[in-house]
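Asker:
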Amino acid sequence: MQRLAEADVVVVGAGNSAFCAALAAREQGAAVIVLERAPQEEAGGNTAFTAGAIRVVYDGVEDLKRLMPDLTAQELAITDFGTYTEPQYFDDMGRVTEYRTDPDMCELLVRRSRETLLWMRANGVRFAPIWGRQAFKVDGRFKFWGGLTVESYGGGPGLVQALTAAAGRKGIPVRYGCRAVSLVAGDDGIHGVVVRENGRTSEIGAKAVVLAAGGFQANPEWRTRYLGPGWDLAKVRGTRFNTGDGIRMAIDIGAATCGNWSGGHAVGWDRNAPEFGDLDVGDGFQKHSYPFGIMLNANGKRFVDEGADFRNYTYAKYGRVILEQPGHFAWQVFDRKVLHLLRDEYRISRVTKASADTLEELVTKLDDVNATQALASIRAYNAAVRTDVQFNPNVKDGRSTVGLDVPKSNWANVLDEPPFEAYAVTCGLTFTFGGLRIVPDTCQVLDVDRAPIRGLYASGEMVGGLFYHNYPGGSGLAAGAVFGKIAGTAAGQAATGASP
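This note's numbering numbers the first residue of the sequence shown as 1 and each following residue consecutively.
1) With three or more C-beta pairs closer than 8 Å as the rule, is the segment 417 to 436 touching the segment 210 to 226?
2) Among the residues of its own chain, which have a CB less than 6 Å from the CB of P39, if the five just before and after it don't count?
3) Where does G492 sit, in a helix, a strand or coil, going by DSSP?
4) What number of angstroms, rounded off, separates the C-alpha of A185 from the C-alpha of E27?
5) With a threshold of 7 Å on Cβ separation, who are the neighbours of V425 within its own chain once the five nearest residues in sequence on each side are excluded?
6) Entirely within the segment 178 to 236 and at least 3 residues each: give me those beta strand (DSSP E) ranges in chain order.
7) Unbroken beta strand (DSSP E) runs of length 3 or more, entirely within the segment 297 to 374: which are they?
8) Can you tell me which residues form a DSSP beta bridge with I33?
9) Distance check for A213 and L279, CA to CA, integer angstroms please.
10) Measuring straight from C-alpha to C-alpha, what distance separates A451 and V32?
11) Output needed for E197: all residues of its chain with C-beta closer than 6 Å, excluding positions within five of it in sequence on either side, in chain order.
12) From H340 to R347, what distance separates their C-alpha atoms?
13) Just to confirm before moving on: does the CB-CB distance between G480 and G465 stay below 9 Å?
14) If R454 and D188 are in contact, beta carbons under 8 Å, what's the gap, nearest whole angstrom?
15) Report yes if the C-beta distance between V210 and A162 is below 9 Å; otherwise report no.
16) Please identify the residue among G146, E306, T239, P274 whose C-alpha is closest to the C-alpha of T401.
17) Who pairs with F431 in a beta bridge, going by DSSP?
18) State the DSSP-derived secondary structure class of G28, mapped to helix, strand or coil.
19) Does the segment 144 to 162 come close enough to the segment 81 to 99 to have 3 or more Cβ pairs within less than 8 Å?
20) When DSSP labels each residue in this structure, what does Q40 get in the three-state scheme?
21) In whole angstroms, what separates the C-alpha of M1 from that of F216?
22) My output table needs one value for A18: the three-state DSSP class, helix, strand or coil.
23) Just the C-alpha distance for L64 and Y58, rounded to the nearest angstrom, thanks.
24) The beta strand (DSSP E) spanning I247 covers which residue range?
25) Would you tell me roughly how many angstroms separate the C-alpha atoms of S349 and I251, rounded to the nearest one?
26) For A374, which residues of its own chain have a beta-carbon under 7 Å away from its beta-carbon, when the five flanking residues on both sides are left out?
27) If you pair each beta-carbon of the segment 234 to 242 with each one of the segment 435 to 450, do three or more pairs fall below 8 Å?
28) Residue range of the beta strand (DSSP E) that Q444 falls in?
29) What does the alpha-carbon distance come out to for the pair G277 and R55?
30) Name, in chain order, the residues that DSSP records as bridge partners for L279.
31) Residues in the same chain with beta-carbon distance under 6 Å from F52, minus the five sequence neighbours each way, listed in chain order, please.
32) Hey, could you find the ends of the beta strand (DSSP E) W137 is sitting in?
33) Check G455 in the structure and name its three-state DSSP category.
34) Report the three-state DSSP secondary structure of Y468 (helix, strand or coil).
35) Using DSSP with H/G/I as helix, E/B as strand and the rest coil, what is L4?
36) From V304 to E345, what does the alpha carbon distance come to, in whole angstroms?
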């Protein structure tokens, strides 16, 4: 087989985690090549489809000013950023994963989140507060809630652009339209990658390989095999190229798997969105303001506690619940009192929406829904709302319902002020939780006997063990960056003989 090129480190993938690995390996003096299966106009993996939110530890505004030095005095004056400490991050990771998260991986994620983002900043990535999505204005000041404060400038596409530019400055070539097919491996470890490029198969030699090619969410056969029946019908929020190739390549040479293979990050997504993500829309098909309304299924019934927690801690698991409903869809219903609180994604042109001046008219416009039962459900909900408790979107306000089979624990408002609006959603799968087993502090891949595979590293979505059942919003990009940097550093040291 023709050998196309040689490098110290080959990184498979070109999203957030892959570029962090490539930059870290280059810092160790390694010659690095990045392989991207997608053409350049679709590059960036799932990162390109995100809003760019990154969950990071900060003990106060001074930490945020180091990360975002262009914050103005006026912005600081009108914003209550609060804090998001290591104990809070640990508590959130434990609680939402039902305490299944790998403790060593979780500790690395939390304790290295701040230093990793500062390192990214030094490499040209800019960050900004998420005023539009994670804060509400109260008494003239923005107040952040839910522990998620920071996003990459320009969202996911901006993050990909900044990391791609950083790689260019460091002399790291990116081969677009170059699909990794298999690993070149022997008893002494990894020697390179077999690739398919321009219709020809060839080999790229390497002393170490970092796999950062995402999960298997774009593979309907694997989704059905591992997540279960019906998951072939889910929409894919992001790239069509994350089909599990990186995981398969590693398994083929004896790598061990771990984590929540039947789980994934799945959200409410526009019912009529395309099969895969659309870069022109980005994450605009998501519909995450459900805590301020109610959700009805095809039978016209509520089926989940919309106000169980801040949306940051429920949205990644409620997509699965929506998929389990009759017809795999639901309608989110709001009234005028909360329309100003709806996130920007509710105002895009490509949205499945119904509106009316009466509830009786609205339920007739909810496609494929039992209108009679829907109206009865809304009336029963309205009668159960505790109107004696003040509504406050910035805290878990305890404004709940009483006596319903499916309660609403917070942010319950009577639906009584027209106009009424409803939005149809289905399940949008972001990434899968199952993946490869690694040594956490080096990201070296382990084989089925739990022995390290020489020269093979992995990071990002294709690593298992960190997320189970659910995840705190923004921790996916944080984990990709943290473990990408760890993997790249270890791979670069192994390939060049540099000291740890």
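We put the beta carbon where it would ideally sit given N, CA and C, even for glycine.
Answerer: Working from what's here:
1) yes
2) What you label residue 39 is simply residue 39 of the sequence shown in a count that begins at 1. Same-chain partners within the cutoff: Y176, G177.
3) Here the question's residue 492 lines up with position 492 in the sequence shown. The answer is helix: DSSP assigns G492 an H, G or I state.
4) Translated into positions along the sequence shown, residue 185 becomes position 185. Translated into positions along the sequence shown, residue 27 becomes position 27. Between A185 and E27, the C-alpha separation is close to 25 Å.
5) Within the sequence shown, the letter at position 425 stands for residue 425. Only G268, W269, D270, R271, K287, I322, F329, A330, Q332 meet the Cβ criterion.
6) 178 to 186, 189 to 197, 200 to 211
7) 330 to 334, 353 to 356
8) Position 33 of the sequence shown, counted from the first residue, corresponds to residue 33. Note: I33 sits in a beta bridge opposite V10.
9) In the sequence shown, the residue the question calls residue 279 occupies position 279. In the sequence shown, the residue the question calls residue 213 occupies position 213. So the alpha carbons of these two residues sit roughly 18 Å apart.
10) The residue labelled residue 451 in the question sits at position 451 within the sequence shown. The residue labelled residue 32 in the question sits at position 32 within the sequence shown. Each residue's alpha carbon lies about 26 Å from the other.
11) The sequence position of residue 197 within the sequence shown is 197, counting from 1. Taken in chain order, the residues that qualify are C178.
12) Reading the sequence shown from its first residue, position 340 is the one you call residue 340. Reading the sequence shown from its first residue, position 347 is the one you call residue 347. Roughly 11 Å separates the two Cα atoms.
13) To locate residue 480, count along the sequence shown from 1; it is residue 480. To locate residue 465, count along the sequence shown from 1; it is residue 465. Not in contact: G480 and G465 (Cβ atoms no closer than 9 Å).
14) What you label residue 454 is simply residue 454 of the sequence shown in a count that begins at 1. What you label residue 188 is simply residue 188 of the sequence shown in a count that begins at 1. Rounded, the Cβ-Cβ distance is 6 Å, consistent with contact.
15) Translated into the one-based positions of the sequence shown, residue 210 becomes position 210. Translated into the one-based positions of the sequence shown, residue 162 becomes position 162. Not closer than 9 Å, so no.
16) Your numbering for residue 401 matches position 401 in the sequence shown. Per the Cα distances, E306.
17) Taking the first residue of the sequence shown as position 1, residue 431 is located at position 431. Answer by DSSP bridge pairing, in chain order: H265.
18) Residue numbering aside, residue 28 sits at position 28 when the sequence shown is read from its first letter. The amino acid occupying residue 28 in the given sequence is Gln; Gly does not appear at that position. Three-state DSSP puts Q28 in coil, outside helix and strand.
19) yes
20) Sequence index remark: in the sequence shown, residue 40 carries index 40 (1-based). Helix, per DSSP.
21) Here residue 1 refers to the residue found at position 1 when the sequence shown is read from its first residue. Here residue 216 refers to the residue found at position 216 when the sequence shown is read from its first residue. Their Cα atoms are separated by approximately 28 Å.
22) The residue you call residue 18 lines up with position 18 of the sequence shown. Of the three classes helix, strand and coil, the one that applies to A18 here is helix, per DSSP.
23) Translated into the one-based positions of the sequence shown, residue 64 becomes position 64. Translated into the one-based positions of the sequence shown, residue 58 becomes position 58. Taking the straight line joining both Cα atoms gives about 7 Å.
24) Taking the sequence shown and counting its residues from 1, the one referred to as residue 247 is at position 247. No beta strand (DSSP E) contains I247, which is instead part of the alpha helix (DSSP H) from 245 to 252.
25) Counted from its first residue, the sequence shown places residue 349 at position 349. Counted from its first residue, the sequence shown places residue 251 at position 251. One C-alpha to the other measures close to 43 Å.
26) Position 374 of the sequence shown, counted from the first residue, corresponds to residue 374. Excluding sequence neighbours, A374 sits near L296, G300, V363, L366.
27) no
28) Position 444 of the sequence shown holds residue 444. Unbroken beta strand (DSSP E) run through Q444: 444 to 446.
29) Taking the sequence shown and counting its residues from 1, one reaches residue 277 at position 277. Taking the sequence shown and counting its residues from 1, one reaches residue 55 at position 55. Distance between the alpha carbons of G277 and R55 is about 23 Å.
30) In the sequence shown, the residue the question calls residue 279 occupies position 279. Answer is none; L279 lacks a bridge partner.
31) Here residue 52 corresponds to residue number 52 of the sequence shown, with the count starting at 1. The residue you asked about is not Phe; residue 52 is Gly in the sequence shown. Cβ neighbours of G52 beyond the five flanking positions: E151, S152, G155, G156, L159.
32) As a first step, residue 137 must be located in the sequence shown, where it is residue number 137. The question names Trp, yet the displayed sequence has Lys at residue 137. Element bounds for K137: 135 to 138.
33) By 1-based counting over the sequence shown, the position of residue 455 is 455. G455: strand per DSSP, three-state reduction.
34) Position 468 of the sequence shown, counted from the first residue, corresponds to residue 468. Y468: strand per DSSP, three-state reduction.
35) Translated into positions along the sequence shown, residue 4 becomes position 4. L4 falls in the strand class under three-state DSSP.
36) Here residue 304 is taken as the residue at index 304 of the sequence shown, counted from 1. Here residue 345 is taken as the residue at index 345 of the sequence shown, counted from 1. Each residue's Cα considered, the two are about 22 Å apart.
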